[in-house]
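**Q**
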Amino acid sequence: MTDSGKIFDGLLVLQYRSGKKKALSLLVRKYHNRLCKHSYWYTHDIDASKDVVQDCWSIIINKLDSLKEPNLFGSWVFRIVTRKSLDYVKRRKKELGSLNEYYSTQEIEETKVGNNTDVRKLRGAIQDLTKDQQIVLRLFYTESYSLNEVSEILDISIGTVKSRLFHAREKLKMTLKK
């Protein structure tokens, strides 16, 4: 996210804290769909991702006054949604008792890809990565977060983020060269 976007988010947070409720609606409008997509990436369930994000908004609103760095609103809300989505996945795994049923949506997506072998090969290679590597790739490349922001969202060191990115890229190179 650009610095001007962070500053704008920070300004909206400060405005909300000073009583301007419209500032919150602007933040919700800006982030809601992105947060739903982010949650869906973990849950693979549209309704569940919407529920997770809705629950997160109530947490975000309740804790907005305690946010020390308003300019970091974006990475803060993504961190909350990430953790709540992972909590949902853990609960769901226990309910299902098996990952096979949980990942059945992947087969549907493969059918949508059709005969595009490069895309199927890439998706397969990404699925072969560890979950930690997949998460870092998604936040860094798809969501365009900086290494620092990925580190904050996942609550891991920058060195760990760099390492996971490096190993993920190397594994993808090796797999795609085959």
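Going from the sequence shown to the numbering used here is simple: count from 1 and add 11.
For every residue, glycine included, the Cβ atom is placed at its ideal position computed from N, Cα and C.
Here the structure is a predicted model, which means the values were calculated and not measured.
1) Please report the straight-line C-alpha distance between Leu150 and Thr93, rounded to a whole angstrom.
2) Just reading off the alpha helix (DSSP H) that Gly21 is part of, what are its end residues?
3) Do you know whose CA, among Glu80, Ile146, Ile137 and Thr186, lies nearest Ser96's CA?
4) Would Gly170 and Pro81 be called neighbours here (beta carbons separated by less than 8 Å)?
5) Give me the Cα-Cα distance between Tyr27 and Ser155, rounded to the nearest whole angstrom.
6) Is it buried or exposed for Ser162, if we count other Cβ within 10 angstroms and need 16 for buried?
7) Assuming Asn159 is part of the alpha helix (DSSP H), what are its boundary residues?
8) Closest to Asp62 by CA distance: which of Leu158, His49 and Asn73 is it?
9) Less than 8 Å between C-beta atoms, sequence neighbours within five positions excluded: which residues of the same chain meet that for Leu183?
10) Tell me which same chain residues have a C-beta within less than 7 Å of the C-beta of Asp190, skipping the five on either side of it?
11) Taking only the alpha-carbon atoms, compute the straight-line gap between Ser77 and Trp87 and give it to the nearest angstrom.
12) Starting from the C-beta of Ser168, find all residues in its chain whose C-beta is less than 7 Å away, skip the five residues before and the five after it, and write them out in chain order.
13) Compare the Cα-Cα distances from Arg45 to each of Gly85, Leu35, His55 and Leu75 and report the closest residue.
**A** Put simply:
1) If you number the sequence shown from 1, residue 150 lands on position 139. If you number the sequence shown from 1, residue 93 lands on position 82. Using only the alpha carbons, I get a separation of about 10 Å.
2) Here the question's residue 21 lines up with position 10 in the sequence shown. Looking at the DSSP string, the run of the alpha helix (DSSP H) that includes Gly21 is Asp14 to Arg28.
3) Within the sequence shown, the letter at position 85 stands for residue 96. Measuring from the Cα of Ser96, the nearest candidate turns out to be Ile146.
4) Within the sequence shown, numbered from 1, the residue matching residue 170 stands at position 159. Within the sequence shown, numbered from 1, the residue matching residue 81 stands at position 70. It is not a contact, given that the beta carbons lie outside the stated cut-off.
5) Translated into the one-based positions of the sequence shown, residue 27 becomes position 16. Translated into the one-based positions of the sequence shown, residue 155 becomes position 144. Straight-line Cα distance between these residues: approximately 26 Å.
6) Counting from 1 along the sequence shown, the entry for residue 162 is found at position 151. With 16 or more other Cβ atoms within 10 Å, it is buried.
7) The residue given as residue 159 occupies position 148 in the sequence shown. Asn159 -> alpha helix (DSSP H) spans Leu158 to Leu165.
8) Walking along the sequence shown from the start, residue 62 turns up at place 51. Closest option to Asp62, Cα to Cα, is His49.
9) Start at 1 with the first residue of the sequence shown, and residue 183 comes out as number 172. Hits under 8 Å: Leu133, Ala136, Ile137 and Leu140.
10) In the structure as shown, the chain begins at 12 and stops at 189. Residue 190 is therefore absent and cannot be evaluated.
11) Position 66 of the sequence shown, counted from the start, is the residue given in the question as residue 77. Position 76 of the sequence shown, counted from the start, is the residue given in the question as residue 87. Taking the straight line joining both Cα atoms gives about 11 Å.
12) By 1-based counting over the sequence shown, the position of residue 168 is 157. The answer, listed in chain order, is Ser162.
13) Within the sequence shown, the letter at position 34 stands for residue 45. For the residues Gly85, Leu35, His55 and Leu75, the minimum Cα distance to Arg45 belongs to Gly85.
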